[in-house]
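Residue numbers (mature numbering (1 follows the signal peptide of the UniProt record, and there is no 0)): -27 to -1, 1 to 390.
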């Protein structure tokens, strides 16, 4: 008996439909969906998900994330992982105070919660964004084995890469989206070391393969000598110390402010010296913890903006070699700095980006937001760009939310800033 030639065709169709069904059933886990948040009375402008990703079953090592889908085109818009610094600071810093979907208004009475209002300049206007508490022991992330709270640059990068691989297995529909890593302050270490780990995984064919395009670092810790030696000249330039004191320090320290070599230098430097209530109240409320699928306080303790629960070692050294490796391979980098930050002054970031030795393609020029000069930019070959933001401090989007959204959206879209 002859076989029906259409039988094979229908088998193929059936197989394709089956695969499509599998993909759909593997998309965003519904048990992670956030349906309401205490303090907010409106409708979310996009879908929110949150919860834990276990990266080590034997240790019970769990990293907490809060994921906000883009308010525009979540299926097409870039996906960004956001990391705050410290080391030891929660990425809810970015969610609550900088570029999350809400503005938080302090509680009006004792015992009440902060009120949440939609943020006109949320980075979720143009991107999908994951806020991750990392390393384990920070924010709402925890381990059942306290030995995991002894960590450092290398282990943090390995753990966060493991988180990403598992996260994309939970949300496979975002695998094709352009993927970027961003952060500020000590994330100046987290971002390039993690980016390097991601690229190693791509080179090795690790599944799932991430569609990694580049990274952003804001007022980032990069290199001890460049960062540290920028502090005193910056303080003098901003009028925070007198000409006489500046000359004394400069002469005694011979320009080496980061590692004072004499007692006299150190004594002169001592003369050159310098609130998280809303987030703390909100994230330690039992109803909030339940709404975002976080463990209760009696299980993992109180949420703190920055914790001393971890023992962290900075062993990766200067980040300049990481930046050079990544950009020379075609990954795009935006190094941005608030020009009023004394924690990691823009002058140090400007100096180290110049020290990489790349040819200048876009020489020091103003960039604008709404027709007003918002800062200055210098563009180098290999997609390395340095940008300042006028009047912004250490956490740029907190000081200049509109301007931050402007340069962020242009960078992600590959447009000139």
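Here a beta-carbon is modelled for each residue, glycine too, at the ideal position from N, C-alpha and C.
Quick caveat: nothing in here was measured; it's all calculated off a predicted structure.
Spatial neighbours of residue 135 within its chain, please: CB distance less than 6 Å, with the 5 preceding and 5 following residues excluded, ordered by chain position. Once the five neighbours on either side are set aside, the close Cβ partners of residue 135 are 28.
Boundaries (first-last residue) of the alpha helix (DSSP H) holding residue 339: Taken as a continuous stretch (DSSP letters only), residue 339 belongs to no alpha helix (DSSP H), being part of the beta strand (DSSP E) at 333 to 342.
Buried/exposed call for residue 83, threshold 16 Cβ in 10 Å: exposed
For residue 21, does the count of other Cβ atoms within 10 angstroms reach 16, so buried, or fall short, so exposed? buried
Return the Cβ separation of residue 150 and residue 50 in integer angstroms, given the expectation that the two are a contact with Cβ distance under 8 Å. Confirmed, about 7 Å.
Once DSSP output is grouped into helix, strand and coil, what is the label at residue 50? Note: residue 50 maps to coil in three-state DSSP.
Would residue 385 and residue 153 qualify as a contact pair, given that the criterion is a beta-carbon distance under 9 Å? yes
Three-state secondary structure (DSSP) at residue 41? strand
Does the contact criterion of 3 or more C-beta pairs under 8 Å hold for the region 111 to 123 versus the region 7 to 17? no
Taking a contact to mean a Cβ-Cβ separation below 9 Å, would you say residue 112 touches residue 122 in this structure? no
With a CB to CB cut of under 7 Å and the five nearest residues on each side skipped, what residues in its chain are close to residue 338? 349, 350
Excluding the 5 residues preceding and the 5 following residue 184 in the sequence, name in chain order all residues of the same chain whose CB lies nearer than 8 Å to its CB. Around residue 184: 148, 149, 150, 151, 152.
Evaluate contact between the region 90 to 107 and the region 41 to 58, counting only Cβ atoms and requiring at least three cross-stretch pairs below 8 Å. Taking a cut-off of 8 Å for Cβ pairs, the region 90 to 107 and the region 41 to 58 touch, as three or more such pairs fall below it.
Using DSSP with H/G/I as helix, E/B as strand and the rest coil, what is residue 388? coil
Extent of the continuous alpha helix (DSSP H) to which residue 262 belongs: Start and end: 259 to 264.
Residue 177 beta carbon less than 9 Å from that of residue 55: no
Taking residue 165 and residue 292 to be in contact with their CB atoms under 8 Å, please state how far apart those CB atoms are, rounded to whole angstroms. 5 Å
Apply the 10 Å Cβ neighbour rule to residue 287 and answer buried if 16 or more other Cβ atoms are within range, or exposed otherwise. exposed
Using DSSP with H/G/I as helix, E/B as strand and the rest coil, what is residue 159? coil
Buried or exposed: which applies to residue 272, given that a residue is buried once 16 or more other Cβ atoms fall within 10 Å of its Cβ? Residue 272 should be labelled exposed.
Which of the three DSSP states, helix, strand or coil, is assigned to residue 183? Residue 183: coil per DSSP, three-state reduction.
Which residues share a DSSP beta bridge with residue 62? Beta-bridge pairing by DSSP links residue 62 to 279.
Based on the DSSP output, what are the partners of residue 376 in its beta bridges? Answer is none; residue 376 lacks a bridge partner.
Assigned secondary structure, residue 166 (DSSP; H/G/I helix, E/B strand, else coil): helix
Rounded to whole angstroms, how far is the Cβ of residue 375 from the Cβ of residue 365, which I believe are closer than 8 Å? Contact doesn't hold; Cβ gap of about 11 Å is too wide.
Kindly list the residues whose CB is nearer than 6 Å to the CB of residue 377, restricted to its own chain and excluding five residues on each side of it in sequence; keep chain order. 369, 370
If you drop the 5 nearest sequence neighbours on each side, which residues of the same chain put their C-beta closer than 7 Å to that of residue 32? The residues are 116, 117, 118, 121.
Here's a check: name, in chain order, each residue in its chain whose Cβ is nearer than 6 Å to the Cβ of residue 260, leaving out the five neighbours to either side. Only 11 meet the Cβ criterion.
Looking at residue 58: is its Cβ nearer than 9 Å to the Cβ of residue 171? no
Selected residue, minimal CA-CA separation from residue 9, among 124, 96, 93, 89: 89
In chain order, what residues of the same chain have a beta carbon less than 6 Å from the beta carbon of residue 346, not counting five sequence neighbours either side? 339
Does chain B have any CB closer than 9 Å to the CB of residue 175? Here chain B cannot be found, since the structure has a single protein chain.
Beta-carbon within less than 8 Å of residue 92's beta-carbon, same chain only, minus the 5 sequence neighbours each way: which residues are those? 72, 73, 74, 75, 76, 374
Within 10 angstroms of the Cβ of residue 35, are there 16 or more other Cβ atoms? Answer buried if so, exposed if not. buried
Residue interval of the alpha helix (DSSP H) (run including residue 298): 293 to 301
Considering only the beta carbon of each residue, do residue 304 and residue 358 sit closer than 9 Å? no
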